[in-house]
Every structure is written in structure tokens, then in C-alpha cells.
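In the UniProt record's numbering, the protein residues as written are 1 to 126. Ideal Cβ placement from N, Cα and C applies to all residues, glycine included. Every value quoted in this text rests on a predicted model; they were computed, and no experiment measured them. What follows is a single structure, written as C-alpha cells, with notes after it.
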């Protein structure tokens with residue numbers, strides 16, 4: 001890995017089925033992710049993706065490029081919701097390589113440019 005390298009991961013559309021399957025796998029059955037009536041009752045127009053689903057997608061971005069055991073740290077900050085039927089993309093940029101470690105900035109972005117998740121990771125460079 002070299003400073004300036006870019007990693008990308010294109011994702012499929014996040015559908016209601018995606019959210020139901022993730023809810024089942026994760027055990028997170030919060031109604032705002034699967035029940036439109038629960039959403040509209042609190043003023044939210046429709047269901048939206050689990051934040052941890054987006055975090056998992058960024059984890060997939062990392063492990064597509066480096067083996068899991070090379071990941072030294074990984075953290076994120078949630079900045080916006082990911083609406084159902086959106087098609088986010090994941091990107092990572094190597095911002096520096098120092099002392100055998102690559103430092104990456106990570107984002108999940110919607111097609112309209114909204115950044116829903118920002119994060120960083122440190123991986124072994126070799």
C-alpha cells in the first residue's frame with residue numbers, strides 16, 4: 001500500500017429484504033429498520049439501514065484488500081442515515097504509510113453525495 005492509494009466497494013441497492021436479513025443475522029430488530037408504520041408514527045418517512053450494516057460494508061472494503069489479521073484498528077462515526085432503496089458506495093484512501101503501518105480514511109457515501117459514515121483504519125502495510 002502506498003500513500004494516495006484508493007480502495008472502492010460498490011454495493012447493491014439496500015432493499016427491505018436486505019434490512020430484514022440483516023436484522024435476523026444481527027439480532028437488531030429495532031422497528032425503524034423494518035417497520036414503516038413504526039417510522040411514520042415518529043415522523044420518519046420510511047425505514048433505514050442499520051448503522052452497523054454500513055460499518056460491516058466498510059469492514060468488507062478493508063478485507064477485500066488486506067487479510068483480516070492485518071487490521072490493527074478500525075473505527076467509525078455515523079453521520080447520516082442510509083435510506084432504504086439507496087445504493088451507497090464505500091471508499092478508502094491511504095493517507096500515510098509510516099513504520100510499516102498504512103493509515104486509511106474511510107467513507108460510505110450515497111449517490112447524492114451524502115456521507116453516511118466516516119471512519120479510519122490502520123493496517124499493516126506489508
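Cut-off 7 Å between Cβ atoms - residues of its own chain near residue i, not counting five sequence neighbours on either side
i: residue 38; result: 31 and 32
i: residue 60; result: 9
Own chain residues within Cβ distance below 6 Å of residue i, not counting five before or after
i: residue 107; result: 91, 115 and 118
i: residue 66; result: 123
i: residue 55; result: 76
i: residue 8; result: 91
i: residue 51; result: 78
Residues near residue i by beta carbon distance below 8 Å, same chain, minus five either side
i: residue 29; result: 23
i: residue 45; result: 39
i: residue 125; result: 1, 97, 100, 101 and 102
DSSP-derived helix/strand/coil call for residue i
i: residue 7; result: strand
i: residue 103; result: strand
i: residue 152; result: Here the chain covers residues 1 to 126 and nothing more, so residue 152 does not appear.
i: residue 54; result: helix
i: residue 117; result: strand
i: residue 133; result: Since the first and last residues shown for the chain are 1 and 126, residue 133 lies out of range.
Reference residue i; option with closest CA among the options
i: residue 48; options: 14, 60 and 79; result: 14
Next on the checklist: When you compare the segment 39–47 with the segment 91–105, are there three or more beta-carbon pairs, one atom per stretch, that lie closer than 8 Å?
Outcome noted: At 8 Å Cβ cutoff, the stretches do not touch.
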